[in-house]
Every structure is written in C-alpha cells, then in structure tokens.
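Below is one structure, written out as structure tokens; the observations come after it.
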Amino acid sequence: MGHAYTPGLTVTERTVIRKPRLLPIPGTVLAKAGDRVRAETVVARAELPGKVHVVNVANLLGVAPDEVRDYLVKKEGEAVSQDEVIAENRPFIKWFKTEVRSPIRGKVESVSTITGQMLLREPPRPLERLAYVDGAVVDLHPAHGVTVETSCSMVQGIFGIGGETWGELVMAVDSPEKTLSASQLLPTMKNKIVAGGAFLGIETMKRAREIGVAALVVGGIHDKDLRELLGYDLGVAITGTEQVGFTLVITEGFGTIPMAAKTFELLAGHAGQKASISGATQIRAGVIRPEILIPWTTGSPDAGSAGRAVPATERSGIRIDDHVRVIRDPLFGRIGRVTALPTELRQIETESVVRVLVVTFADGTSAVIPRANVELMEG
Amino acid sequence: MTGSAQPSRQMTAAQPLHVIIATDCGSTTTKAILIEKLGNEYRQTFRGEAPTTVEAPFEDVTRGVLNSLAELEELSGRKILDGERIITPNRAAQGEPRVGVDIYISTSSAGGGLQMMVAGAVQSMTGESAQRCALGAGAIVMDVLASNDGRLPHEKIERIRSLRPDMILLSGGTDGGTVTHVVEMAEYISAAEPRPRLGISYQLPLIYAGNKDARDRITEILGGKTSLVITDNIRPVLERENLGPARTKIHDLFLEHVMAQAPGYKKLLEWTGAPIMPTPAAVGLIMETIAKKENLNLIGVDIGGATTDVFSVFGGVFNRTVSANLGLSYSVSNVLAEAGLASILRWVPFTIEEQTLRNRIKNKMIRPTTIPQTLDELQIEQAIAREALRLALAHHASLATGLKGVQQERTISDIFEQKTSGESLIDMLQLDLIVGSGGILSHAPRRVQAMLMMVDAYEPLGVTRLSVDSIFMMPHLGVLSTVNEQAATDVFVRDCMIYLGTCVAPIGRGKDGERCADYTITFGEGRSPECGTLAFGELRLFPLGRDDRAQIELRPAKQVDLGEGKGVSVTRDVRGGEVGLLLDGRGRPLQLPTDSQKRLAALIRWHRAVDLYPGKS
C-alpha cells in the first residue's frame, strides 16, 4: 500500500450530514419527506414482538405430550390474562384437579404434542425511532424509517460510551489543557452537554450523574476510571448501549491529553447552542466514531455552500503541511505539521523497518514517526 | 465489468496451471499473491495488498481485489487485468509470456467472516459436536444452545432473537433416539423468529443435522420460518461424529446465501476458478493436508487483531477453534480483561505503573493500526501476545477433546486410572510442530522473538519444532490445495513456512542453578560437538541453520522427564531454522518468580541468553 494512512477524525465548522433513522424491524414511518424535525421528534414506530414464555403443560398435568391438546382451556391464538387457567385435567374426584395458569398476559403462540410445551407470548412493546438531530427529512424508507439531513458543525471523538442524547452545549473550562474537576459541574448543567479540557476523573463522572448532566466531552480519561464507571473491564470497543447516567465522548485518547485546540475552539464557539451527541463507537469493520453535531439554526441546508463531509477515503494520502495527531507513545497526543515524507523505509528503535514521516511541532522540534502512528486532522 | 466476460470455474480448473493468482479478502486488507511454475516447482513470486472495500463508501469487495491485483501487476510486471477483467488463461502460448494468469482463487473473512449459532440437545454431546462442526467449517460460533445449558426457555429464546447469525446449525439426538429435546430446541428457534445478519429480504439458512426420526417435525416447525436444509446427523451414534456432510452444507450455504448477500460477492464468485472458502476453513485445510502428508502432530495459530484461531491435528484428528475476542488490536483490551493485568505484567522486563499500562492498552484498542515505536512498547505488545496465545490454546484444548458421553471399555489394568471420556486431544509431549501466523509472529523484528513468544505461551514439552508463516499465505494455499495439491505443497514448504528451529524442554522443576540435564549435541561434518550441563532457570541457544540437523543426547536429573520417564536419557535428531536449537531449562510447568525484582532479573537473563532485544535488556 503505497499511500497507507490512518484517516483522522473530522472536526469541521460546517458540513452537511445525512442520518438514516431506521427501525430494526418493519413498522410505520410517521414523518414525511420535507418535514422539519427536531431531535426529539418521533419519525418512525414499530412493535417489537413480546417475550416468549414456555409452560410445560404435559409435565405439570402429568400427561403424555401427545395428549396435551385434550386438556387445553386456551387454544393457539387466544388471548390470556395473567393467572388465567390455560389447561386443566378432569379427574373423577374434583379434589385431585390440577390447573395450569398463565404466568403472563398475552396470547397462546403454539402448543407442541412432542414436548408437551405451550408457548405464550407477551403483548408487543412499542419501539420509537427519534430524529436525534434537528434537520429536515430528505428520504423515506417505507416501513423502516427516514433519512434526516442537517447542516451542522461536527466533531468526531475517538471513543465514547452511552447512547444518543441532546442538550445545550456548555464549556466548563476556559482552556484545552485544563482538567474538568467535579466542583466545576454545577446544578445548572442538568440536561446539558458539558465540555472540558484535557482530563476528567471518576469523581467528575459521579458528580455528572448526580446532577443529571446529559453528556461530557473531554480530551482524555483513565481506563481505571472507565472500569469503575462501567463496573467491568471493557474488552472490545463496541459501545453505545451503556447506561451510566450520561453520554461520554473523549476526543484524544486514554490518559491526560489536552483537547486539540481546533476542537476546543469549535465547541467554545458554539457554547449556548443546542447540540446532539452520541457515544456509540465501533472500532472494527464498519467504523463508527462518537460525534457531537451542532445544527445551524438559521438558513436552510444548502449542499452547495455548506459542502458535504469529505469521506476520508477520497484522500490520496498524507501530504506535506498536513496537520497530524501522533497516536502512539512516546509522543502520543502531540499535534504537528508534516514537514517531510521520505520514500525510503527506515529502521526504528524496535528494529522494524517501516515507512516514516517527519512531524514538526509548534515549539519548533521535529520527530521521525512511523506513518502508521499519525492520523490526519480532517475537516 | 460484466460477469459473463469471466471464465467459468469448470473451464479454468481443467486447464494446466502455470500462473495462479490468489486473494484473501480479510476484514481490513485484501492480500493478493502470485504463484508461478518455475521449472518443475511452484513458487510464490510477488505479493500485493489493498484495503478491503466491503464497507461504505465502496460496498463492493471487488474494488479491493482489483486494487491488490493492480499492485501485483506493478510489482511483477505481468499484465493481469484488462480494464476490470482478469485475463485468463495466460498467453505464453500466444507469445506473450508476461500476460494473463491460468486461474484466480480466493478466500474471504471480510465483513466479520461466517458467523453461526449452533444448537444441540445435550451441551457436552451434540452441542459440542455441532460447535466442532461449525468451527471446522471456518465459522465464528456466536453461541451454543442446548436443552441443558442452564438458561431458562425464555432466556434461550431472547438470546436467539438478539443474535443475528449468518446461519444456524441444529443438531440433537442419535438416530433412532428420543426426538423430544431437538424438537424443543426447534420450537424455541421458531418462537424467536431469528433474522439473518445480512439482507432483510431473505430467510435465515438453518441446517438440521440431528436425529433423522425428527426430520418431519423439524420441517413442520421450521420449514416456513427458515431456509431449512436437512443433512445427515452429526452424531448418528454416541460413539461416532459425522461432521463431513454438515460441514459441506455450511460451505454451500456460505456461498449461496451469505456470500451472495455481501456487497460485490456475486461478481467475485463469477471470477473465481474454485469456490470461495471462508479464510479459517482454508487455513485449516492446508494444515490438515500438511500434517497428514508428513504424519505430524501439529498446532497452528493465527493471531490477528480481533481474533485468534487455533488449529490442531493430533493422531490425524483435526480441530479448530476461534477465540473471537482475543487479538492484538481491536480486541487487545479483552486480553487484559480475560488474562488480568498481573498475567501480562509478568512478561514485561521493566516496571511500569498499572495506570500507564492500562491506558496504553486502551489506546491501542481505539487506534488499532498503530505500531510499537519504542522497545518498551514492543515488549508490552509481545507480553500481551503471550497471554492471548496462552488463553486461545487453553480454549482450544477444552474443545479439542475425544467424544464425551461415550462408554469406556475398561480392563483390569485400568482400575487405578480414573480416565473419563472427553479428554483433551492436545498432548504437548506428542506435539511435533508449532506453526505461528499473524503479524506479531510473522513480522517480529527478530525471529527469536516469535519463537520465545510461542515457547512461553505454549510451554512445549520434550522436543518440538517451531515455525512461522512468512507473509500469511496459508489461506491462499488452503484454497489452492483444492485445485492443485502439488502447487499448494510446493509453495507451503518453500515460501510459506519459515522454520525457526527446535525447542527442547525437560519436564520437571528445580531450584535455579541446579542441574536439569547434561547434554551432548553432535552436529554435521566440520563442527565440533557441544557438551554441557543445562541448569534449571536457564535458556541456551545454539545456532543451527534451516537445512542443518543435529543429534542431541540428554541425560536428565532424576526428577526430570524428557518423555521417556523421570531420569531416563534420550537421544533425538533435531532440525534447525532461522533461530536454532533452544534448550529450555526453565522447567515445566513454567513458573516465573513471584518477587518482582527476581522476576525482572530472570526475564532480563533469559532475554540476553537468546539475544531477544537490541541494547538494553
């Protein structure tokens, strides 16, 4: 791969994004093409089939499975209430009568004469799909959902936990190098998205939960704090369903790492505005990165002037003068400019022979770094 | 490009093969190799790679294939593509020796590979047989459901519903036995109404390979809700597994349903001259072929970013397992979660704070394509690799067992041996060869690092040869072996395998510095024999080239066993490799000092003894 490089995270003041908002199973689409929607608007709804419960009627009545139909009070398809008799025997002496009652409210799904089991299904549960972001419906997917388009500012994080939420964006620190301490979280930050600087610890996370903060955005955290927050060691980076009381997005990595100045400035520039945020991360085939989207409220989305988000794959590789972030020790988190792209392979300290580049940092120092260990600052 | 422009696989397979291209479409990279017949033997000559393009924005696997072939063209100077068409057959006969190839073949694990759920009646019997069947076919087994798996019926149904496998294998019962349990499992599957991972509009393939007497009932219950395929029972009697027919069905359905739903695969299927195989199935096939041909007991491991596959052939019995969440990039954090921090730290030859190590591991997880830049980082990655390899082999040993539930015939001589059925087939003392594959092993800066990682993780006993796969071409050779076994074997022996050498590890323990065994090594002509005493706690490395052989005579201390009994001397012929002959006197089972300073001192001593790292340790 002559031009292998790691696509970076997008941090851009203005782009247009399209979010498919699809149900996991077919249902009803409630929004129409052209509708203006808000993050909290329900755009589609479905009914998830209820849970199935198994009752072994043959065992409970002490009869052979192939005889079980003779003892049924409720047949397939019939509705049942909780504790309602669904099968019974008919002994000569009433005192010996045995009744089988339904453990749930629902209906009889099926009866088996091989196993003697009756399957009962709970009523379906409604499932709603929200728009997640303020914007316009630009595409309908019959029975499955819609695509919402919005013109927005966008920050992609590197890792997050927790699902989609939204709220007013608030800056809790005044510099990207600062730590976000628990005391900086105020009751007025309830239901808001709070951005910090280089680091926040477990005490800040606990305080955020107490107050009811919607989401936290920060440069880095410690893995041990994440472990304490979740209650387990996160093994694989597939997240988004955690229920820890708030959504968390880290923009740089694990450790104390100042938030990239561009990211911090972009967030600070939109303080007070409504933003949508998702911690969902998937770092495997089909990469999903956490994101903060700040819709532009004035004017209509205009692809021509706003410009689409540029997919990373359209780039041909790293070029001189590109801004890059170092993503591996010993210079993890440093941001600099590419000043040389030697074509020949170089042996590094480990004795591996790899392709490298030279990065010059703001303080004028330079370092030779494997190309695999930098990512582009995109957007 | 149009599929009809490509040759049919029947036409191509019948022709003599002089030039072959093979690709492996992995989750992240599509790797292409060129194999050419040079004189009387086949050799792998060039290699190209490109990012896999199954995901958005391309969503067409053939883009990545064409890119990797374009790189191959550039490097080899052979014209392979005519636009987007693979030129077949090669045009040597038309006076154009550098144009065209005779066959194109491929394997695939893109998009997560083949993901299956299996179900059986009894977990340790038909449940395990079904699991072995699916694993051997190259699948990742998402879950094993059984009547006695400890879950309540509604929990089983919820689990089936929440999983979205590519297909389900349902087994249960011996032929003529009870049908109740397998029908019960079918009822749960039916109630869950499972949906396939790919493609909304097609029914989930389900293979029934259980009690033949239950076929009608299974068809009644599942025929309308799944794409049901019925095949021979995988456990027709308790004493015998019959995995072949179900494995064949899995491969058929993989091609017909799963591959056909993946982006671009319909086109790819038309290009290939042999059926596309799941990558692990192809690796297993080449390992099985080589083990049988050379009459070896072997263990093969492929340690990747997300998963670690382990293959074994013992006594001609092939087994494969996949540890779906043990890997060195995407799943690196899971190695930490499963092994524990202390297990990883014991291999690190310097002190490091727990918090720093934890953060570094997580940073590798979120940026999986980075590489170690400093020696410390390399040592940490190789420490994690040891634990991933160890855990994956333990997982493999627990599944690569004899059949459970089989009645044992006992004689009077067995009275004092409480052997049970279902013992692991993995016998490290009978092991002849370990084959390592995956970036951390194949691309270790020094070959001895790969050798010591495998020795530390697997703790081979007695005399064991070790090797690595040079550039991960075993998948290509596996599928090639279905078309031309000679070509596959030639390339495997000459270009794929890099022999590292032989490890000699006495069994037993003693205090550091005490005599473990005396040895005499006799080399070929012109080289003086080496004699000495191997002490406990000591590693000794003797250079012995790839084509060199030596004879080693070992006279162990009275509590030490070299496979013939405690204190019994042994003489063995050993073969060399890029590293040489390693005498491992650290004892078995291998135990590192618990005291931190002593442990560090021991690691540094061992590393220096084999010149493991440059400079500082």
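Sequence lines, in order, name chains A and B. The first sequence begins at 5 in our numbering and counts up by one. The second sequence begins at 309 in our numbering and counts up by one. Beta carbons are placed, not taken as given, at the ideal position from N, Cα and C, and that holds for glycine.
Item: Since I believe residue 153 of chain A is in contact with residue 139 of chain A (beta carbons under 8 Å), could you give me their beta-carbon distance rounded to a whole number of angstroms?; Value: 5 Å
Item: Roughly how many whole angstroms lie between the Cα atoms of residue 249 of chain A and residue 356 of chain A?; Value: 45 Å
Item: For residue 16 of chain A, does the three-state DSSP call read helix, strand or coil?; Value: strand
Item: Kindly indicate the opening and closing residues of the alpha helix (DSSP H) around residue 268 of chain A.; Value: 265-273
Item: What's the call for residue 806 of chain B, buried or exposed, on a 16-neighbour Cβ count within 10 Å?; Value: buried
Item: Below 8 Å, can you find three or more Cβ-Cβ pairs linking the segment 649-658 of chain B to the segment 621-638 of chain B?; Value: no
Item: Between residue 525 of chain B and the rest of its own chain, which residues show a CB-CB distance below 8 Å, the 5 nearest in sequence each way excluded?; Value: 487, 491 and 494
Item: Please confirm whether residue 584 of chain B and residue 567 of chain B have their CB atoms less than 8 Å apart.; Value: yes
Item: Beta-carbon within less than 7 Å of residue 338 of chain A's beta-carbon, same chain only, minus the 5 sequence neighbours each way: which residues are those?; Value: 330 and 365
Item: What residues are listed by DSSP as bridge partners for residue 428 of chain B?; Value: B:454
Item: Return the residue from the list B:768, B:497 and B:455 that minimises the CA-CA distance to residue 928 of chain B.; Value: Since the displayed chain B opens at 309 and closes at 925, residue 928 of chain B lies outside it and no answer follows.
Item: In whole angstroms, what separates the C-alpha of residue 928 of chain B from that of residue 845 of chain B?; Value: Outside the shown range of chain B (309 to 925) lies residue 928 of chain B, about which nothing can therefore be said.
Item: With a 10 Å radius around its C-beta and 16 neighbouring C-beta atoms as the bar for buried, classify residue 916 of chain B as buried or exposed.; Value: exposed
Item: Does DSSP put residue 170 of chain A in a helix, in a strand, or in coil?; Value: strand
Item: In chain A, which residues lie with their C-beta within 7 Å of the C-beta of residue 329 of chain B?; Value: Chain A residues near residue 329 of chain B: none, gap ~18 Å exceeds 7 Å.
Item: For residue 499 of chain B, I'd like the list of residues in its chain whose CB is within less than 8 Å of its CB, leaving aside the five on either flank, ordered along the chain.; Value: 465
Item: Output, in sequence order along the chain, the residues in the segment 452-470 of chain B whose CB is closer than 7 Å to any CB in chain A.; Value: 461, 462, 465 and 466
Item: With DSSP collapsed to three states, give me the class of residue 700 of chain B.; Value: helix
Item: Anyone know if the C-beta pair for residue 478 of chain B and residue 422 of chain B falls short of 8 Å?; Value: no
Item: Just tell me which of A:362, A:12 and A:328 has its CA closest to the CA of residue 163 of chain A.; Value: A:12
Item: Within 8 Å of any Cβ in chain A, is that where the Cβ of residue 584 of chain B sits?; Value: no
Item: Taking the runs of the alpha helix (DSSP H) that are 4 residues or longer, which of them lie wholly in the segment 749-825 of chain B?; Value: 755-766, 782-789 and 793-799
Item: Put residue 207 of chain A into one of helix, strand or coil per three-state DSSP.; Value: helix
Item: Which partner residues does residue 329 of chain B have in the DSSP bridge list?; Value: B:342 and B:412
Item: Between residue 789 of chain B and residue 597 of chain B, how many whole angstroms is the CB-CB distance? I'm expecting something under 8 Å.; Value: 5 Å
Item: Along the chain, where does the beta strand (DSSP E) containing residue 111 of chain A start, and where does it finish?; Value: 110-115
Item: Anyone know if the C-beta pair for residue 257 of chain A and residue 674 of chain B falls short of 8 Å?; Value: yes
Item: So what does DSSP say about residue 533 of chain B, is it helix, strand or coil?; Value: coil
Item: Report the rounded CA-to-CA distance for residue 751 of chain B versus residue 686 of chain B, giving the unit in angstroms.; Value: 12 Å
Item: Within the continuous alpha helix (DSSP H) that includes residue 933 of chain B, where are the two ends?; Value: With chain B covering only 309 through 925, there is no way to say anything about residue 933 of chain B.
Item: Which residues, in chain order, does the segment 239-264 of chain A contribute to contact with chain B at a C-beta distance below 8 Å?; Value: 239, 240, 241, 257, 258 and 259
Item: Is there at least one Cβ from chain A nearer than 8 Å to residue 397 of chain B's Cβ?; Value: no
Item: Give a yes or no on whether the C-beta atoms belonging to residue 691 of chain B and residue 655 of chain B are separated by under 8 Å.; Value: yes
Item: Using a Cβ-Cβ distance under 8 Å, would residue 20 of chain A count as near chain B?; Value: no
Item: Can you name, in chain order, every residue of its own chain whose Cβ lies under 7 Å from the Cβ of residue 854 of chain B, other than the five neighbours on each side?; Value: 807, 884, 885 and 886
Item: Taking only three categories from DSSP, how would you classify residue 627 of chain B?; Value: strand
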